[in-house]
Amino acid sequence: MPATFSIDVHGHADLHVATRSGTVTVIAEERENVLAEEGGSSRGPEVDPTGRISLGSARGGSANLIVRCPAGTDVTAGTISGNVALRGPLGRVRITTVSGSATVERAEELDARTISGNIEVERCTGRCSLRSKTGHTTCASARDARASTISGTIRLEETTGHVRAQSVSGAVEVGTQRDGDVAVQTVSGSVKIEVPDGVRPNAQLHSLTSRPRCDCPEGNDCRVAVRSMSGRITVVRA
14 MPATFSIDVH GHADLHVATR SGTVTVIAEE RENVLAEEGG SSRGPEVDPT
64 GRISLGSARG GSANLIVRCP AGTDVTAGTI SGNVALRGPL GRVRITTVSG
114 SATVERAEEL DARTISGNIE VERCTGRCSL RSKTGHTTCA SARDARASTI
164 SGTIRLEETT GHVRAQSVSG AVEVGTQRDG DVAVQTVSGS VKIEVPDGVR
214 PNAQLHSLTS RPRCDCPEGN DCRVAVRSMS GRITVVRA
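Position in the sequence shown (from 1) plus 13 gives the number in the working numbering.
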């Protein structure tokens with residue numbers, strides 16, 4: 014039977030959740046306590062002198078964790094092969110997995126890292142850092158964004174600040190909404206940048222084997238710098 018724990022929260026909540034192969038689900042909502050349900054080989058919650066709440070599986074074990082916490086809670090989540098799902102408005106978020114996928118509805122800041130898992134983000138209102146080696150990375154809305162991959166794809170649909178992206182063979186797509194600078198580097202991955210109508214970018218596009226295409230009038234509203242060895246480069250109006 015799953016074990017249920019309730020922990021009162023005094024002030025800003027800081028939550029750390031970890032499991033080896035079980036799933037982690039964190040739900041942020043209007044409440045004044047942390048309610049945790051643990052199934053499997055769990056070690057129960059721990060609260061340190063700073064107020065940080067830690068939950069997870071027993072050493073070497075696996076547990077499915079479902080945690081409800083106050084809106085704005087800072088969350089650190091880690092798994093080996095388990096998936097991580099974060100719902101509702103959270104504060105500073107850090108996610109680390111090996112092969113597990115991560116989904117985030119809303120975070121003030123985000124640092125998500127995985128080797129082969131996919132990363133999917135709905136909204137990050139602050140700095141957003143996404144790193145994967147072979148998994149696909151998608152972010153629907155972010156301010157400043159950094160993303161890197163080896164062979165996975167990167168898709169940043171709406172960004173309002175500065176963007177930095179790196180890929181070896183994976184494709185990169187970036188949609189800018191304001192006048193933030195964009196810098197992308199790939200080896201063989203294709204690059205597509207969408208610029209809002211009326212924005213005149215200073216486009217610095219370089220490819221050794223193909224001719225870059227830019228459909229936007231040149232100006233100095235923002236800087237779009239793309240370098241690729243053999244990938245196709247296009248800059249188009251959104």
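Backbone N, C-alpha and C define an ideal beta-carbon position, used for all residues, glycine too.
Query	Result
Residues near V187 in its chain [Cβ-Cβ closer than 6 Å; skip 5 each side]	L169, V176, V195, I206
Minimum C-alpha distance to V249 - residue among L218, T222, M242, S241	L218
Close Cβ partners of I20 (< 7 Å) along its chain, the five nearest in sequence each way excluded	N46, V47, P58, V60, I66
Test item: CB-CB of E122 and L78 under 9 Å	no
Per-residue DSSP class, three states only, for C229	coil
T38 to T89 span [Cα, whole Å]	12 Å
CB contact flag (C82, I132, <9 Å)	no
Close Cβ partners of D192 (< 8 Å) along its chain, the five nearest in sequence each way excluded	V212, D234, C235
Buried versus exposed call for D210 [16 or more other C-beta atoms within 10 Å across all chains shown]	exposed
Where G91 falls, given that 16 or more other Cβ within 10 Å makes a residue buried	buried
M14, buried or exposed, once every other Cβ within 10 Å from all chains shown has been counted against 16	Confidence is the limiting factor: at M14 the pLDDT is only 47, short of 50, which leaves the residue's position unreliable and the question unanswerable from this model.
For Q179 and R100, the rounded distance between their alpha carbons	28 Å
Limits of the unbroken beta strand (DSSP E) element including R105	97 to 109
Simplified DSSP state of M14, which is helix, strand or coil	For M14, the predicted model reports a pLDDT of 47, less than 50, meaning its position is unreliable; a value from the coordinates is still stated below. Reduced to three states, the DSSP call for M14 is coil.
For R144 and I93, the rounded distance between their alpha carbons	16 Å
Straight-line Cα distance separating S75 from N151	Note on residue identity: the sequence assigns Thr, not Asn, to residue 151. Their Cα atoms are separated by approximately 28 Å.
Neighbourhood of E231 by C-beta distance below 8 Å, restricted to the same chain and skipping five residues each side	R213, P214, N215, A216
Local conformation of V37 per DSSP, three classes	strand
Proximity below 9 Å, CB of G148 to CB of G130	yes
Assumed close pair T109, R126 - CB separation to whole angstroms, cut-off 8 Å	5 Å
Residue span of the beta strand (DSSP E) that contains S220, given as start and end	214 to 220
D228 classed as buried or exposed, judged by whether at least 16 other C-beta atoms fall within 10 angstroms	exposed
Which residues DSSP lists as bridging V208, in chain order	R250
Distance between V239 and A98 (C-alpha atoms, nearest Å)	33 Å
Simplified DSSP assignment, three categories, for N131	coil
Length of the line joining the Cα atoms of R140 and V117	14 Å
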